[in-house]
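*Asks:*
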């Protein structure tokens, strides 16, 4: 099922620390507090350096994205980039970190592409990516691109910024982004609005784009109703997209998962987390502090438990159904252009 020789992409969450307060980020609870069980740490440099990259003959891409943090928070990011001279490196960041000099130097690395997450122009951007500076991000992007760096622009479309799409397209061309792509948030699970809080204080509502059709809409779930029941009812077959594309996710605490979505549930008390524990049994079984990557991939977790769960024995994990159920999962839904399956954190 999984082997070092066939892996094509490693996706790392380098850090669970973040400078931003993105409104729908899983690092925060519904009252806007950092989740008290979130393990705040940087992935150790030696954990990455000791990976058997030379044995990964098909490895083409290294991705630094993250579920709970921003890769630029890692103090040794540049050193980590230099560990992978033969691979294409992708970084996803809010980019409201570091200075112009640092970004100019980063732009000289030839095997690197940065996705700048900019969700609107001016103050509209900061409605979702709170605690960031739109002006600083644009200046950082210009410095990076002008020094030769390759860059994409990711724009999450909400009600408050949907009128800026054409202007953003033009600005992306003027600055020199290779591509700008637009996505809808996939986190309007039960409502069309999201109440934004900052440490218990209500700020305002985020509203989904007026052009967006949610998976909840498509499945016929009512407002306030979680659509999982509908997904279970229509369950056909789990087809793990990450397995097909030979990708693997390494969390900031050193644990290894078959996809970033299963890594996304590790903070907060939720049924998904409890059910994954039933599959994994002991998290040391998938922890690079206790086992090397080859042994983890050959363990019962990756060789037996996860494949069995895909087929429903003894159960299919809700996250697998949500994303990879043939016909109704979010990946199938994304093919219709309704939501982008890259992380929006």
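In my numbering, the protein residues as written are 1178 to 1522.
Ideal placement from N, C-alpha and C gives every residue a C-beta, glycine not left out.
1. Among 1209, 1192, 1193, 1194, which residue has its Cα nearest to the Cα of residue 1200?
2. At the level of alpha carbons, what is the spacing between residue 1219 and residue 1493?
3. To the nearest angstrom, how far is it from the Cα of residue 1491 to the Cα of residue 1448?
4. Quick one: give me the first and last residue of the alpha helix (DSSP H) that residue 1485 is part of.
5. Does the beta-carbon of residue 1250 have 16 or more other beta-carbons within 10 angstroms, so that it is buried, or is it exposed?
6. If you follow the beta strand (DSSP E) that residue 1360 is in, where does it begin and where does it stop?
7. Measuring CA to CA, which of 1306, 1289, 1231 is closest to residue 1362?
8. Specify the secondary structure class of residue 1302 as computed by DSSP and reduced to three states.
9. Let me make sure I understand the geometry here. Which of 1323, 1485, 1295 has the alpha-carbon closest to that of residue 1286?
10. List the endpoints of the continuous alpha helix (DSSP H) containing residue 1317.
11. Under 8 angstroms, with one C-beta from each stretch per pair, do the stretch 1294–1301 and the stretch 1321–1341 reach the 3-pair mark?
12. Would you grab the beta carbon distance between residue 1328 and residue 1354 for me? Rounded to a whole angstrom, and I think it's under 8 angstroms.
13. Please check the pair residue 1451 and residue 1496, which I expect to be a contact at CB under 8 angstroms, by giving their CB distance rounded to whole angstroms.
14. Which residues mark the beginning and the end of the alpha helix (DSSP H) in which residue 1255 is found?
15. Straight-line CA distance for residue 1221 to residue 1248?
16. Three-state secondary structure (DSSP) at residue 1372?
17. What are the start and end residues of the beta strand (DSSP E) that includes residue 1222?
18. With a cut-off of 8 angstroms on the beta carbons, I'd call residue 1245 and residue 1193 a contact; round off their distance for me.
19. Please identify the residue among 1212, 1296, 1188 whose C-alpha is closest to the C-alpha of residue 1349.
20. Output yes or no for whether 8 angstroms exceeds the beta carbon distance between residue 1365 and residue 1391.
21. Quick one: what's got a C-beta closer than 6 angstroms to residue 1513's C-beta in the same chain, skipping five residues either side?
*Replies:* Based on what the coordinates show:
1. Position 23 of the chain shown, counting from 1, holds the residue named residue 1200. Per the Cα distances, 1209.
2. As a first step, residue 1219 is located in the chain shown; it is residue number 42 there, counting from the start. As a first step, residue 1493 is located in the chain shown; it is residue number 316 there, counting from the start. Spanning the two alpha carbons is a distance of roughly 31 angstroms.
3. Residue 1491 sits at position 314 when you count from the first residue of the chain shown. Residue 1448 sits at position 271 when you count from the first residue of the chain shown. When rounded, the distance between both Cα atoms is 16 angstroms.
4. Here residue 1485 refers to the residue found at position 308 of the chain shown. Counting along the chain, the alpha helix (DSSP H) containing residue 1485 begins and ends at 1483–1487.
5. In the chain shown, the residue the question calls residue 1250 occupies position 73. Buried is the call here.
6. As a position in the chain shown, residue 1360 is number 183, starting the count at 1. Residue range 1356–1361 is occupied by the beta strand (DSSP E) that includes residue 1360.
7. If you number the chain shown from 1, residue 1362 lands on position 185. Ranking the options by Cα distance to residue 1362, first place goes to 1306.
8. Mapped onto the chain shown, residue 1302 falls at position 125. Three-state result, residue 1302: helix.
9. In the chain shown, the residue the question calls residue 1286 occupies position 109. Closest by C-alpha distance to residue 1286, out of 1323, 1485, 1295, is 1323.
10. If you number the chain shown from 1, residue 1317 lands on position 140. Under the DSSP assignment, residue 1317 falls in the alpha helix (DSSP H) whose first and last residues are 1311–1323.
11. yes
12. Taking the first residue of the chain shown as 1, we reach residue 1328 at position 151. Taking the first residue of the chain shown as 1, we reach residue 1354 at position 177. A Cβ-Cβ distance of about 5 angstroms is found for the pair residue 1328 and residue 1354, placing them in contact under the 8 angstroms criterion.
13. Within the chain shown, numbered from 1, the residue matching residue 1451 stands at position 274. Within the chain shown, numbered from 1, the residue matching residue 1496 stands at position 319. The pair is not a contact, with the Cβ atoms about 12 angstroms apart (cut-off 8 angstroms).
14. Taking the chain shown and counting its residues from 1, the one referred to as residue 1255 is at position 78. Its alpha helix (DSSP H) spans residues 1254–1258.
15. For this step, residue 1221 is matched to residue 44 along the chain shown. For this step, residue 1248 is matched to residue 71 along the chain shown. In this structure, the straight-line span from the alpha carbon of residue 1221 to that of residue 1248 is close to 13 angstroms.
16. Translated into positions along the chain shown, residue 1372 becomes position 195. Three-state DSSP puts residue 1372 in a strand.
17. For the purposes of this step, residue 1222 is taken as the residue at position 45 of the chain shown. Unbroken run through residue 1222 is the alpha helix (DSSP H), 1222–1226; no beta strand (DSSP E).
18. The residue you call residue 1245 lines up with position 68 of the chain shown. The residue you call residue 1193 lines up with position 16 of the chain shown. With a Cβ gap of about 4 angstroms, residue 1245 and residue 1193 count as contacting.
19. The residue given as residue 1349 occupies position 172 in the chain shown. Residue 1349 has its Cα closest to that of 1296, out of 1212, 1296, 1188.
20. Working through the chain shown from its first residue, we reach residue 1365 at position 188. Working through the chain shown from its first residue, we reach residue 1391 at position 214. The answer is yes: Cβ separation under 8 angstroms.
21. On the chain shown, position 336 is the one that residue 1513 refers to. The predicted position of residue 1513 is uncertain, since its pLDDT is 46 and thus under 50; no value can be drawn from it.
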